[in-house]
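A.B. asks: The structure follows.
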Amino acid sequence: MAHAVRRKRVNGEESRERILEAAAEVASDRGYEGTSISLVSERSGLPASSIYWHFEDKDHLIAAVIERSFDRWLEGMGAWVPKTKGASRDQLFISSFAQTAKALTDAPVFLRLGLMLGLERRPEEPTARNLFLQVREQAFNRVMALYADLFDGELGDADVKSLATLAMAGTDGLFIARELNPQRVDFDAQFELLGASLLAVAKQLSSRSGRSRKAGVR
9 MAHAVRRKRV NGEESRERIL EAAAEVASDR GYEGTSISLV SERSGLPASS IYWHFEDKDH
69 LIAAVIERSF DRWLEGMGAW VPKTKGASRD QLFISSFAQT AKALTDAPVF LRLGLMLGLE
129 RRPEEPTARN LFLQVREQAF NRVMALYADL FDGELGDADV KSLATLAMAG TDGLFIAREL
189 NPQRVDFDAQ FELLGASLLA VAKQLSSRSG RSRKAGVR
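Once you know that position 145 of the sequence shown is 153 in this note's numbering, the rest is easy, because the numbers rise by one and skip nothing.
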């Protein structure tokens, strides 16, 4: 009996993964509106009844796809570029962008679907859109925490927030540019350039903050 229960649980988990993989493929091709339970059923090879057993409706299915992809992206980010022995602050900062490029290459679905949903506004917000906004806020807070640690004592809270905002905007822009024209955008090279550019911004903000502190002392 115990073996049968375990086997049923394994089969259920495998089915759920097949459904999520299929939904991610369909939604990446067709977007939120173009995704349907019947298309996911066809792509996964599982009946619609199996999909509804795992997910209440299409909206909750897409939300699960976004959450799964975001979790994979977080795994790809590792420990958000932990301090490596012998690495300078500047190297750590730029390496965070290289890590972001790799993580987005490995798990792009949450940002692809999320940006589509994020730009839409409806009287009744889809669960999937609300979830994307939540995970995006989580990512933003992690970026802020990383920058606050890297530039400890050099940047104030407002400057850290500005730097994180620019980093997220730059990431969105490069991702959209690659979606529109994959041949034109070299993710690794462009993210390295983005990192170097924002490092220059961070140093300018630090210098300005230092001048302000000196002026305040006087």
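Glycine residues also receive a C-beta, built at the ideal position from the N, C-alpha and C atoms.
For residue 85, which of helix, strand or coil comes out of DSSP?
C.D. replies: In the sequence shown, counting from the first residue as 1, residue 85 sits at position 77. Three-state DSSP puts residue 85 in coil, outside helix and strand.
A.B. asks: Express the C-alpha separation of residue 48 and residue 6 in angstroms, rounding to a whole number.
C.D. replies: The displayed coordinates of the chain run from 9 to 226. Any statement about residue 6 would go beyond what the structure contains.
A.B. asks: On the DSSP letters alone, give me the boundaries of the alpha helix (DSSP H) that residue 43 sits inside.
C.D. replies: For the purposes of this step, residue 43 is taken as the residue at position 35 of the sequence shown. Neither: residue 43 is in no alpha helix (DSSP H) and is coded neither H nor E.
A.B. asks: Skipping 5 residues on each side, what residues in its chain have a beta carbon closer than 7 Å to that of residue 214?
C.D. replies: Numbered from 1 along the sequence shown, position 206 holds the residue referred to as residue 214. Closer than 7 Å at the Cβ level, and outside the excluded window around residue 214, lie 159, 162 and 163.
A.B. asks: Could you check the C-alpha separation between residue 34 and residue 94 for me, to the nearest Å?
C.D. replies: Position 26 of the sequence shown, counted from the start, is the residue given in the question as residue 34. Position 86 of the sequence shown, counted from the start, is the residue given in the question as residue 94. Looking at the two C-alpha atoms, the distance is approximately 45 Å.
A.B. asks: Can residue 118 and residue 203 be called in contact, C-beta distance under 9 Å?
C.D. replies: As a first step, residue 118 is located in the sequence shown; it is residue number 110 there, counting from the start. As a first step, residue 203 is located in the sequence shown; it is residue number 195 there, counting from the start. Not a contact, by the Cβ cut-off of 9 Å.
A.B. asks: Can you check which of these residues, 199, 125, 183 and 152, is closest to residue 5 by C-alpha distance?
C.D. replies: Here the chain covers residues 9 to 226 and nothing more, so residue 5 does not appear.
A.B. asks: Since residue 206 and residue 193 are thought to touch, with beta carbons under 8 Å apart, how far apart are those beta carbons, to the nearest angstrom?
C.D. replies: For the purposes of this step, residue 206 is taken as residue 198 along the sequence shown, with counting starting at 1. For the purposes of this step, residue 193 is taken as residue 185 along the sequence shown, with counting starting at 1. With a Cβ gap of about 18 Å, residue 206 and residue 193 do not count as contacting.
A.B. asks: What number of angstroms, rounded off, separates the C-alpha of residue 68 from the C-alpha of residue 173?
C.D. replies: In the sequence shown, the residue the question calls residue 68 occupies position 60. In the sequence shown, the residue the question calls residue 173 occupies position 165. Distance between the alpha carbons of residue 68 and residue 173: 29 Å.
A.B. asks: Quick one: is residue 81 buried, meaning 16 or more other Cβ sit within 10 Å of its Cβ, or exposed?
C.D. replies: Looking up residue 81 in the sequence shown gives position 73. Buried, by the Cβ-count rule.
A.B. asks: Out of 66, 56, 209 and 58, point me to the one whose CA is closest to residue 32's CA.
C.D. replies: As a position in the sequence shown, residue 32 is number 24, starting the count at 1. Looking at the Cα atoms, 66 is the closest of the given residues.
A.B. asks: Is the beta carbon of residue 71 sitting closer than 9 Å to the one on residue 139?
C.D. replies: Mapped onto the sequence shown, residue 71 falls at position 63. Mapped onto the sequence shown, residue 139 falls at position 131. For residue 71 and residue 139, yes; Cβs fall inside 9 Å.
A.B. asks: Report the rounded CA-to-CA distance for residue 84 versus residue 107, giving the unit in angstroms.
C.D. replies: Position 76 of the sequence shown holds residue 84. Position 99 of the sequence shown holds residue 107. Each residue's alpha carbon lies about 8 Å from the other.
A.B. asks: For residue 165, count neighbouring Cβ atoms within 10 angstroms of its own Cβ and tell me buried if that reaches 16, exposed if not.
C.D. replies: Position 157 of the sequence shown, counted from the first residue, corresponds to residue 165. Result: exposed.
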